[in-house]
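Residue numbers (my numbering): 12 to 378. Heads up, the beta-carbon is just placed ideally off N, CA and C, and yes, glycines get one too. Note that the structure is a prediction, hence the values are computed from the model and not measured.
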Amino acid sequence: MSIYEQVLTFIHRPEPGAFERLALDVFRHQFETIATYRRYCEERGVLPGAVLSVDEVPAVSNVAFKYAELATDGASRSPDAAVFLTSGTTQGRARRGRHIVARPEIYRASAIAHLRTMLFPDARQIAILAMHPTADAMPESSLSAMISWSIEEFGSGTHLAAASRERVDVAAAIAFLADCEARCEPVCIMGTTAAFAALFSELGSRGSKLRLAAGSRMMDTGGAKGQAVPMQATEVIAWAGETLAIAPAMVINEYGMTELCSQLYDATAFNCAGVSNTQERYKVPPPWMRVTARNPVTLQPMADGEVGLLTFFDLANVGSVSAVMTEDLGSVERGRVRVLGRAAGEARGCALGIGQFSATEAAEAVR
Numbered sequence: 012m013s014i015y016e017q018v019l020t021f022i023h024r025p026e027p028g029a030f031e032r033l034a035l036d037v038f039r040h041q042f043e044t045i046a047t048y049r050r051y052c053e054e055r056g057v058l059p060g061a062v063l064s065v066d067e068v069p070a071v072s073n074v075a076f077k078y079a080e081l082a083t084d085g086a087s088r089s090p091d092a093a094v095f096l097t098s099g100t101t102q103g104r105a106r107r108g109r110h111i112v113a114r115p116e117i118y119r120a121s122a123i124a125h126l127r128t129m130l131f132p133d134a135r136q137i138a139i140l141a142m143h144p145t146a147d148a149m150p151e152s153s154l155s156a157m158i159s160w161s162i163e164e165f166g167s168g169t170h171l172a173a174a175s176r177e178r179v180d181v182a183a184a185i186a187f188l189a190d191c192e193a194r195c196e197p198v199c200i201m202g203t204t205a206a207f208a209a210l211f212s213e214l215g216s217r218g219s220k221l222r223l224a225a226g227s228r229m230m231d232t233g234g235a236k237g238q239a240v241p242m243q244a245t246e247v248i249a250w251a252g253e254t255l256a257i258a259p260a261m262v263i264n265e266y267g268m269t270e271l272c273s274q275l276y277d278a279t280a281f282n283c284a285g286v287s288n289t290q291e292r293y294k295v296p297p298p299w300m301r302v303t304a305r306n307p308v309t310l311q312p313m314a315d316g317e318v319g320l321l322t323f324f325d326l327a328n329v330g331s332v333s334a335v336m337t338e339d340l341g342s343v344e345r346g347r348v349r350v351l352g353r354a355a356g357e358a359r360g361c362a363l364g365i366g367q368f369s370a371t372e373a374a375e376a377v378r
């Protein structure tokens with residue numbers, strides 16, 4: 012089997028004991044087929060033959076996707092590839108990160124498999140309200156792709172896409188939810204924190220509350236753009252209960268990014284046995300993703316429970332770079348991930364990787 016087929020097989024039938032071997036095979040494949048990543052590894056003095064553990068694989072900063080084409084050679088010219096752009100525009104549209112996904116079916120398989128475990132463990136076909144644009148309206152958004160796939164895979168046939176590039180139609184969203192309430196039909200609401208804040212605000216201004224049917228749920232993807240005071244995940248849970256009668260265990264926060272083809276979700280009493288609704292929430296990665304917290308200076312893995320820069324090895328990123336370091340602080344304990352927020356000031360490990368890719372880009376420009 013090709014390396015892509017091996018990863019797809021692992022996603023469909025995970026074998027935890029085989030993760031390390033497959034991860035090293037994926038690293039070797041990426042070293043051989045991604046010229047920019049190969050140069051990055053060589054500059055750090057890391058060659059595949061000397062790497063014996065996935066923790067030794069050089070991780071690139073997620074911001075490096077703004078500076079370099081981190082995809083297997085020729086992927087950007089393939090008609091089958093998907094190109095997803097980050098929403099960050101701090102250096103202008105030309106500096107938006109680009110994640111070239113050579114095999115979108117692997118991204119879909121990863122997204123759907125973990126959603127089935129964490130958001131749809133009851134195997135229920137359900138009405139879906141999308142409060143973020145779907146793929147037809149925003150094809151460059153990896154979140155839009157995931158929402159569209161969810162509608163296809165888990166939807167009952169009753170759905171509404173209540174958002175465009177420009178705005179979220181909150182009135183249409185409320186009308187859809189009211190109709191579901193009247194028919195006692197459970198609904199899954201998928202969207203950003205900012206979109207949910209607008210929904211709760213409008214319901215509050217109307218003095219309205221809905222009582223959605225049992226089994227209704229909400230996937231909060233984060234994202235506070237447009238909010239003067241960003242709403243916290245705990246506030247989303249509280250407001251969902253107050254205005255929509257969605258149980259706390261059914262409000263599930265997602266952690267994901269354009270640069271990764273896999274996501275993490277809150278563990279709750281709904282999707283994980285033995286989890287209490289009263290305990291502090293942690294996130295669960297899929298079996299094909301390894302998460303570590305790293306020392307910002309040495310880049311070495313931290314001990315279980317210690318705080319560091321969150322770093323991921325995502326097998327589903329097989330066609331790009333699997334080892335990705337973020338600027339987010341968090342801890343990992345027995346595979347469970349707590350996300351604490353963005354590192355204050357300059358995250359040294361990330362800055363190092365960004366600088367190297369920025370220098371590489373400058374060198375390429377003068378050739």
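Classify residue i as buried or exposed, calling it buried when 16 or more other Cβ atoms lie within 10 Å of its own Cβ.
i: D147; result: exposed
i: A374; result: Legend: pLDDT at A374 = 42, less than 50; position of this residue unreliable, no value from coordinates given.
i: G108; result: buried
i: L63; result: exposed
i: Q41; result: buried
i: D277; result: buried
i: A225; result: exposed
i: A251; result: buried
i: K220; result: exposed
i: D133; result: exposed
i: Q102; result: Only weak support is given to the placement of Q102: the predicted model assigns it a pLDDT of 46, under 50, and the value that follows is read from those uncertain coordinates. With fewer than 16 Cβ atoms within 10 Å of its Cβ, Q102 is classed as exposed.
i: S87; result: exposed
i: A61; result: exposed
i: R301; result: buried
i: M12; result: exposed
i: C52; result: buried
i: N389; result: The structure shown does not extend to residue 389, since the chain is modelled only from 12 to 378, so the question has no answer here.
i: T245; result: exposed
i: G319; result: buried
i: R217; result: exposed
i: C199; result: buried
i: A354; result: buried
i: Y195; result: Sequence inspection shows Cys at residue 195; the Tyr mentioned does not correspond to that position. So C195 counts as exposed.
i: F21; result: buried
i: R114; result: buried
i: D91; result: exposed
i: P297; result: buried
i: Q136; result: exposed
i: L351; result: exposed
i: D315; result: exposed
i: R24; result: exposed
i: P29; result: Correcting the residue type first, residue 29 is Ala in the shown sequence and not Pro. Classification of A29: exposed, given that the 10 Å Cβ count is below 16.
What would DSSP say about residue i, mapped onto helix, strand or coil?
i: E344; result: strand
i: N306; result: coil
i: E192; result: helix
i: M261; result: helix
i: A172; result: strand
i: M157; result: helix
i: L326; result: helix
i: A146; result: coil
i: V286; result: coil
i: S13; result: coil
Mind checking who residue i pairs with in its DSSP beta bridge?
i: G166; result: I137
i: K294; result: D277 and V348
i: P312; result: R305
i: G319; result: G341
i: M336; result: S72 and T322
i: R353; result: D339
i: V179; result: A174
i: M268; result: Answer is none; M268 lacks a bridge partner.
Is any non-hydrogen atom of the ligand ATP found closer than 7 Å to the C-beta of residue i, if you look at the structure I gave you?
i: F131; result: Among the components modelled here there is no ligand, and therefore nothing to report on the ligand ATP.
Report the CB separation of residue i from residue j in whole angstroms; it is logged as a contact under 8 Å.
i: T271; j: V335; result: The amino acid at residue 271 is misidentified as Thr; the sequence shows Leu. Indeed they touch by this definition, with Cβ atoms about 6 Å apart.
i: L81; j: T128; result: About 28 Å separates the two Cβ atoms, so there is no contact after all.
i: A184; j: M142; result: 6 Å
i: V18; j: I117; result: 6 Å
i: N288; j: A327; result: In fact, because the Cβ distance is near 30 Å, the residues do not count as touching under 8 Å.
i: A70; j: T322; result: 5 Å
i: E4; j: L223; result: One cannot answer for residue 4 here, as it falls past the ends of the chain, which runs 12 to 378.
i: I45; j: V332; result: 7 Å
i: S152; j: P144; result: 7 Å
Segments assigned alpha helix (DSSP H), at least 4 residues, entirely inside the region 63 to 138: Taken in chain order, the complete alpha helix (DSSP H) segments of 4 or more residues contained in the region 63 to 138 are 115 to 129.
Ranges of the alpha helix (DSSP H) found wholly within the region 16 to 70, counting only runs of at least 4: Counting whole runs of 4 or more residues, the region 16 to 70 contains the alpha helix (DSSP H) stretches 30 to 44 and 46 to 54.
Completely contained alpha helix (DSSP H) runs for the region 199 to 255, where each covers 4 or more residues: Segments of the alpha helix (DSSP H) lying fully in the region 199 to 255: 204 to 217 and 244 to 255.
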